[in-house]
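Chains as they are written, first to last, in our numbering: chain V, 1014 to 1108; chain H, 3 to 209.
Ideal Cβ placement from N, Cα and C applies to all residues, glycine included.
Everything numeric in this text was worked out from a predicted model, so none of it was measured.
Inspection log for the structure reproduced underneath, given as structure tokens.
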């Protein structure tokens, strides 16, 4: 059976991508996030605005395109997500 | 007296699991954790009411309403309902859920009493929770998921014995046995909470 992703899981996937792909510390472009986030451009744009607004992501304005970097608050969110995902999976549930 | 003490232990364990789940809700806004927390709040309330009713019966000539017994069982059954349907909502009416619903009327209407019905419903919900958790184990292969399935199975066996204790009122040992089985099951369910208490996981999110 196909498993749908909950909103909190999508957020965690995007934050993980922003953390793991930011190798050079210059942020991650939307294209890379789209590839890992597996969603449409319009949906990703809306989500990125929300994540920047809530302080989970930092937007780095480049010359041509914006890039995104995970914030300290985002790292804390991912740690909490990981802990509680573990907790929920113990009960056979998904976050 | 042992039974009442065990009921109060059940209150502590249930509310501890509910507390961790609620903290998870605050951190992640997860609906799965909302249902899990709700389940254990109801289970905790159920054990609390049943424990208080049991203690009340130790005092001679103290009138204790049978409604309190029903209320305790109702809380407990509601807890098992949320525990079972955490999975049901997760799998969105899978074939397993349909099969479980087909079993429902057969089991439910075998007992005429409200208390009987609640006990049978509890058994049904826990059984469904066991099946779904075992199925989750087949997917994620996590030993702790298997452990939780075993804990739920023990609680399920306890609810079955509880139902038997209502049918065979002259067999006193059944009443104590069902509480012991449920408490062992609950203590097994407590193991994921230990990860937060002693395993280095922090409830506020930082590792």
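Check	Outcome
Rounded C-alpha distance that separates residue 116 (chain H) from residue 26 (chain H)	35 Å
According to DSSP, residues forming a beta bridge with residue 170 (chain H)	Paired residues: none, contrary to the question.
Neighbourhood of residue 86 (chain H) by C-beta, 6 Å cutoff - its chain only, sequence neighbours within 5 removed	127, 130, 131
Listed by chain order, chain H residues near residue 1107 (chain V) by CB distance under 9 Å	32, 34, 92, 138
Neighbourhood of residue 1022 (chain V) by C-beta distance below 7 Å, restricted to the same chain and skipping five residues each side	1108
For residue 1053 (chain V), the three-state DSSP class (helix, strand or coil)	coil
Unbroken stretches of the beta strand (DSSP E), 3 residues or longer, contained in the region 1036 to 1087 of chain V	1070 to 1074, 1079 to 1083
Cβ pair count under 8 Å reaching 3, the region 7 to 27 of chain H against the region 41 to 53 of chain H	yes
Pairwise C-alpha distance: residue 55 (chain H) and residue 5 (chain H)	11 Å
Under 8 Å between C-beta atoms of residue 151 (chain H) and residue 139 (chain H)	yes
Residue environment, residue 1094 (chain V), which counts as buried when at least 16 other CB atoms sit within 10 Å	buried
Under the three-state DSSP convention, the category residue 193 (chain H) falls into	helix
CB contact check: residue 80 (chain H) to chain V, cutoff 8 Å	no
Neighbourhood of residue 1079 (chain V) by C-beta, 6 Å cutoff - its chain only, sequence neighbours within 5 removed	1072
Chain V contacts made by the region 117 to 149 of chain H, where a contact means CB separation under 9 Å	131, 134, 135, 136, 137, 138, 139, 141, 142, 144, 146, 147, 149
Proximity winner among V:1069, V:1065, V:1105, relative to residue 1092 (chain V) (alpha-carbon distances)	V:1069
Coarse secondary structure for residue 12 (chain H), derived from DSSP in three states	helix
The region 187 to 196 of chain H contacting the region 163 to 172 of chain H, beta-carbon criterion three pairs below 8 Å	no
Opening and closing residue of the alpha helix (DSSP H) in which residue 1020 (chain V) lies	1020 to 1033
CB contact below 8 Å: residue 88 (chain H) versus chain V	yes
Cutoff 8 Å: residue 38 (chain H) Cβ touching any chain V Cβ	yes
Exposed unless 16 or more other CB atoms sit within 10 angstroms - verdict on residue 196 (chain H)	exposed
Chain H residues whose Cβ lies nearer than 9 Å to that of residue 1031 (chain V)	Within chain H, no residue comes near residue 1031 (chain V); the closest Cβ sits about 17 Å away, beyond 9 Å.
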